[in-house]
Amino acid sequence: MGINHTAPKWLKNVRWLARLWSLPALLFMMAHLFERGDGDVQENWLTWVCVGTLFLTTFMLLLAWFKERIGGWAALIGLVLVFILYAIDNHEFFPAWHLLLIFIAGPAALFLFYSYSQVKLKHLPHIEG
Numbered sequence: 004m005g006i007n008h009t010a011p012k013w014l015k016n017v018r019w020l021a022r023l024w025s026l027p028a029l030l031f032m033m034a035h036l037f038e039r040g041d042g043d044v045q046e047n048w049l050t051w052v053c054v055g056t057l058f059l060t061t062f063m064l065l066l067a068w069f070k071e072r073i074g075g076w077a078a079l080i081g082l083v084l085v086f087i088l089y090a091i092d093n094h095e096f097f098p099a100w101h102l103l104l105i106f107i108a109g110p111a112a113l114f115l116f117y118s119y120s121q122v123k124l125k126h127l128p129h130i131e132g
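Taking my numbering, the leading residue of the sequence shown gets 4, the next gets one more, and so forth.
Right, dumping it as structure tokens:
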């Protein structure tokens, strides 16, 4: 009789679903990192802080591939911060909020679900044999 600390297959599938679901946001942001701008964009500093926060928030999903809890919480907190900064800068709610919820909050929530489920399962004894 022993205790098995490996995650069940359904839980591993949740982690892989979160990873796959985060790929569109990661690829979109990476593509914009290498995009050449026209050079004459006149934005204020708060706009650039908002854009930088959105980039960092998206890359927190990459962190969540390895550290699910830290990356998931960081992505969710960063997303709230992006919404707040955008509202302060533009005096309106973020126009594509639903896309950010789908492609950033969705995978972040799944990473958190995986992390907390894994911890809970570690405390349950599993009889081998």
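Glycine residues also receive a C-beta, built at the ideal position from the N, C-alpha and C atoms.
Keep in mind the model is a prediction, meaning the values are calculated, not measured.
Check: Is there contact here, the stretch 28 to 38 with the stretch 53 to 65, by at least three beta-carbon pairs under 8 Å?
Finding: Judged by Cβ distances under 8 Å, the stretch 28 to 38 makes contact with the stretch 53 to 65, as three or more pairs qualify.
Note to self: I need the boundaries of the alpha helix (DSSP H) containing residue 71, first residue and last residue.
What the structure shows: Indexing the sequence shown from 1 puts residue 71 at position 68. Per DSSP, residue 71 belongs to the alpha helix (DSSP H) from 71 to 93.
Notebook entry, point to check: For the alpha helix (DSSP H) that residue 3 lies in, which residues bound it at each end?
Noted result: Past the edges of the chain, shown from 4 to 132, lies residue 3, and the structure says nothing about it.
Checklist line | residue 96 in three-state terms, based on DSSP | finding: Within the sequence shown, residue 96 is the residue found at index 93, counting from 1. The answer is coil: DSSP assigns residue 96 none of H, G, I, E or B.
Next item on the list: Compute the distance between the beta-carbons of residue 109 and residue 19, then report whether it is under 8 Å.
Entry: Position 106 of the sequence shown, counted from the start, is the residue given in the question as residue 109. Position 16 of the sequence shown, counted from the start, is the residue given in the question as residue 19. Taking C-beta atoms as the reference points, residue 109 and residue 19 fail to come closer than 8 Å.
Next item on the list: Might you give, ordered along the chain, the residues of its own chain that have their beta carbon closer than 7 Å to the beta carbon of residue 89, omitting 5 neighbours on each side?
Entry: Here the question's residue 89 lines up with position 86 in the sequence shown. Here residue 89 has 53 and 97 as same chain residues with Cβ atoms under 7 Å from its own Cβ, once five neighbours each way along the sequence are excluded.
Margin query: DSSP three-state label for residue 51, please.
Written below: Taking the sequence shown and counting its residues from 1, the one referred to as residue 51 is at position 48. Residue 51: helix per DSSP, three-state reduction.
Check: Could one say the Cβ of residue 81 lies closer than 8 Å to chain B's Cβ atoms, at least one of them?
Finding: Of the chains in the structure shown, none is chain B; there is only one protein chain.
Note to self: Short of 7 Å in beta carbon distance, which residues of its chain neighbour residue 87, apart from the five on each side in sequence? Order them along the chain.
What the structure shows: To locate residue 87, count along the sequence shown from 1; it is residue 84. Nothing listed; no residue qualifies.
Notebook entry, point to check: Do you know how far the Cα of residue 111 is from the Cα of residue 48?
Noted result: Start at 1 with the first residue of the sequence shown, and residue 48 comes out as number 45. Start at 1 with the first residue of the sequence shown, and residue 111 comes out as number 108. Near 28 Å, if we compare the C-alpha coordinates of residue 111 and residue 48.
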